[in-house]
Every structure is written in C-alpha cells, then in structure tokens.
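Below you'll find the structure, written out as structure tokens, and then a few comments.
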Amino acid sequence: MLNVLGARKTFEAGTPAARTVLDGLDLRLERAEFATIIGSNGAGKSTLFAAIAGSVFLDEGRIILDGRDISRKKEHQRARDIGRLFQDPRHGTAPGLTIEENLALVYSKASGRFPLSLAPRAKDRAYFRQVLSRLDMGLEDRLRTPVGALSGGQRQALTLLIATLVPPKLLLLDEHTAALDPVTAKKVLALTRDITAAHGITTLMITHNISSALELGTRTLMMNKGRIVMDLGAEQRRQLSVEDLLERYKNTVHETLDSDKILLSG
Ligand SMILES: Nc1ncnc2c1ncn2[C@@H]1O[C@H](COP(=O)(O)OP(=O)(O)O)[C@@H](O)[C@H]1O
Ligand SMILES: [Mg+2]
Numbered sequence: 157m158l159n160v161l162g163a164r165k166t167f168e169a170g171t172p173a174a175r176t177v178l179d180g181l182d183l184r185l186e187r188a189e190f191a192t193i194i195g196s197n198g199a200g201k202s203t204l205f206a207a208i209a210g211s212v213f214l215d216e217g218r219i220i221l222d223g224r225d226i227s228r229k230k231e232h233q234r235a236r237d238i239g240r241l242f243q244d245p246r247h248g249t250a251p252g253l254t255i256e257e258n259l260a261l262v263y264s265k266a267s268g269r270f271p272l273s274l275a276p277r278a279k280d281r282a283y284f285r286q287v288l289s290r291l292d293m294g295l296e297d298r299l300r301t302p303v304g305a306l307s308g309g310q311r312q313a314l315t316l317l318i319a320t321l322v323p324p325k326l327l328l329l330d331e332h333t334a335a336l337d338p339v340t341a342k343k344v345l346a347l348t349r350d351i352t353a354a355h356g357i358t359t360l361m362i363t364h365n366i367s368s369a370l371e372l373g374t375r376t377l378m379m380n381k382g383r384i385v386m387d388l389g390a391e392q393r394r395q396l397s398v399e400d401l402l403e404r405y406k407n408t409v410h411e412t413l414d415s416d417k418i419l420l421s422g
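Pasting the structure below:
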C-alpha cells in the first residue's frame, strides 16, 4: 500500500549547516496496517511524514502509494489520499467556522461536490450529528459553535473525525495527543483506534509515549538518524514491556531515548 524506497533528504545541502535527515530510508506498509513510530528528537520522523505528504520533496528515493509513484506530486494533490494530524490541535480546522461548517466544507470537497459549500444539507447535518456523537464529547449538540471556542482535546477529536470523514488511503499522526491533558489524550487515542479499525485505514503514528507505541496498531518502528533501525511485528511486540523496549533502544542506538525523561517524570 505504502512503499518508501531509499528516501534521502539533506536540509541546507552544500552549506556548513547541512543535515542529512533522511538517510536512505526504506519502509513498506500493507493495506490497513497500523504502525507506531518512536525515536529521539531530530531522528527525522516528522520529515518522513512531510516527505510522504508532499510538504518536503526528497533528494533521492521514491514514495509509492497504492501502486502510484507520488514522489513528484504536490502536497494538495496528495491531500485527498493522505490525512495528517499534528501535535497542535489548531491545525486542520478553521477556527472562525462552526463545527458543521468545517464538516460541510470537507465533506463537499471530498465528495467532489462543487461549488464547495459551508451550508450542510439536512441529511448531511443528521449524518454529522451521528458521527459527532461517537466522540462522546457532546459536540453533536454544538453544531453552530465556532471551532475556535472548543478545548484542545475537543478540537483534536474533531480534526481526527474530519480527517477520516471520507477515509483516506493513509493517515499520518504526528504526536497528535502530545499537547493534550492525559485524560483527553487517552480518549483521543481510543478514538484513533476505533476509527482506524472501523474503516481499515492504513496508519502511521509518531508518539513519544512508549506504552502507546506498544499498545496501538500491530507494529512498532524505531527511527534514528534518518533510518528505521528497528521494526517489531505484533508477535515480538507482545512480549516487550516499556522497559524492554527502552533497553532495546539503548542497545541499538547506543543512547537513551529522550522520552525516557518524559516517561520517568510522569
Ligand atoms: N524545513 C526544514 N529546514 C531545515 N531543517 C529542517 C527542516 N525540517 C526539519 N529540519 C531539521 O531536520 C532534523 C530532523 O527533524 P524532524 O524530522 O522534525 O525530527 P523528529 O520529528 O524526529 O524530531 C532536525 O535537525 C530539524 O531541525
Ligand atoms: Mg517531530
């Protein structure tokens, strides 16, 4: 489904500040597979997502999605097939528009309905209520509330819903619960699990939380210095505790994972 072949990216090439952030990375993901990604700050995780989504172009290598080479496609051309969530819940929705306007806009765009419309049709509104009620945050009764008035967790849950309203071929989650309080983060993670499972969405999720990395999906990838240095399947993962994984990281990378600190502090 997704095939990243020999991805290489150097920022500020040819200057003293040159940094090779993707260093010949290969990754293959099957349809409906859900893999988590861990790795220290600067490992190149977000750059990998940027390269897949098209906000960064590779120097070398190819990105194949569903059999098509999308390496040279622009970001907006890939957006129909690739959903992306960021740490900051303000990404991905328009604050001045209401919940139903945000939903209507995405829905009319995704269903190829033109002109794009902010006004939902009656039957769309009923559908929006129904999907919003699954978030269990009372948003189904707040269709006319501007998205900017929601809490971070509510807004991120809504963004997840919007990104999957018409299921994408690939969903990229870049620490999408890191800015939320622990209770809300847990809720959004549960939603992530339910929504991706219900639609069989192929998903990559970057996380600093090692237990989430072992619990969600069926595969855990470890990135370091622009490569995938460890690839654990479901069976291998089942036998690993958080401590085991940190130990494996240390033995593989010869450094401690910087989320050790986060883990130990909370
Ligand atoms: N657009 C950019 N221009 C220059 N350097 C960048 C850019 N994006 C990322 N980098 C650099 O690439 C390195 C890896 O960053 P990133 O992919 O964000 O790592 P991670 O998400 O694993 O923490 C960092 O040193 C970062 O400063
Ligand atoms: Mg990052």
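Residue numbers (my numbering): 157 to 422. All C-beta atoms in this analysis are idealised placements derived from N, C-alpha and C, irrespective of residue type, glycine included. Just so you know, these numbers come straight off a predicted model, no measurement behind them.
Quiz item: Quick one: is Glu168 buried, meaning 16 or more other Cβ sit within 10 Å of its Cβ, or exposed?
Solution: exposed
Exercise. With a 10 Å radius around its C-beta and 16 neighbouring C-beta atoms as the bar for buried, classify Glu403 as buried or exposed.
Key: exposed
Practice problem: Under 6 Å Cβ to Cβ from Ser421, same chain only, skipping five residues before and after it: list those, please. | Solution: Per-residue confidence for Ser421 stands at a pLDDT of 44, beneath the threshold of 50, marking its modelled position as unreliable; no derived number is given.
Quiz item: When we look at the beta-carbon of Ser367 and count the other beta-carbons within 10 Å, is it buried (16 or more) or exposed?
Solution: exposed
Quiz item: Do three or more CB pairs link the segment 178-192 to the segment 346-366 at distances below 8 Å?
Solution: yes
Self-check item: Distance cut-off 7 Å: Ser202 Cβ against heavy atoms of ligand 4
Solution: Ligand 4 is not part of this structure, which contains only ligand 1 and ligand 2.
Quiz item: Are Met361 and Thr192 close, meaning C-beta to C-beta below 8 Å?
Solution: yes
Self-check item: Helix, strand or coil at Gly162 [DSSP, three-state]
Solution: strand
Quiz prompt | Close Cβ partners of Ile238 (< 6 Å) along its chain, the five nearest in sequence each way excluded | solution = Ala209, Pro324 and Leu326
Quiz item: How big is the Cα-Cα spacing for Gln310 and Ala341?
Solution: 10 Å
Self-check item: Any non-hydrogen atom of ligand 1 closer than 7 Å to Val287 Cβ
Solution: no
Exercise. Answer yes or no: the CB of Val177 versus the heavy atoms of ligand 1, is any distance below 7 Å?
Key: yes
Quiz item: So, Gly248 versus Leu241, is the Cβ gap smaller than 8 Å?
Solution: yes
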